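Heads up: the sequence shown begins at 11 in our numbering, then just goes up one per residue.
For each residue, glycine too, the CB sits at the ideal point set by N, CA and C.
Since we're looking at a predicted model, the values are computed, not measured.
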Amino acid sequence: MKLTKIFAALSLFSVMAISANAQTTNRSDRSKIKQGVKSGELTRKETCNIVKQQRNIKQDVRQAKADGVVTKAERRDIYVDKKKADANIYRKKHNNRDRS
């Protein structure tokens, strides 16, 4: 009985930690985008593409959660998409295009 309670508490804690990490990443990406727009590092078209990519990731997360279970494959796909989006933000902020 004790073992089941400990396991349940441990699994609940790990789910909460993963969720908090995802929220921090999302908040970080939004601040990077806002800063890029404000400083002129991102053009309008680049910003639209990045926002569209973020929207698609959010939709993927919602679809993964829809059935109540996020599988390992779904988690991996979301992780890969987020890493690609982060690299995309960095690349677009550091190219030689700017708003005029």
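Backbone CA spacing between residue i and residue j [nearest angstrom]
i	j	result
Arg-9	Asp-70	With the chain running from 11 to 110 in the structure shown, residue 9 is simply not present.
Lys-12	Thr-81	27 angstroms
Ala-83	Ser-21	19 angstroms
His-104	Val-79	38 angstroms
Lys-75	Arg-85	10 angstroms
Burial state of residue i, where buried means 16 or more other Cβ atoms lie within 10 Å
i	result
Ile-16	exposed
Lys-94	exposed
Lys-92	buried
Gln-64	buried
Gly-50	exposed
Lys-48	exposed
Lys-68	exposed
Gly-46	buried
Lys-62	exposed
Lys-55	exposed
Span of the alpha helix (DSSP H), counted from its first residue to its last, around residue i
i	result
Asp-8	The structure shown does not extend to residue 8, since the chain is modelled only from 11 to 110, so the question has no answer here.
Asn-66	54-76
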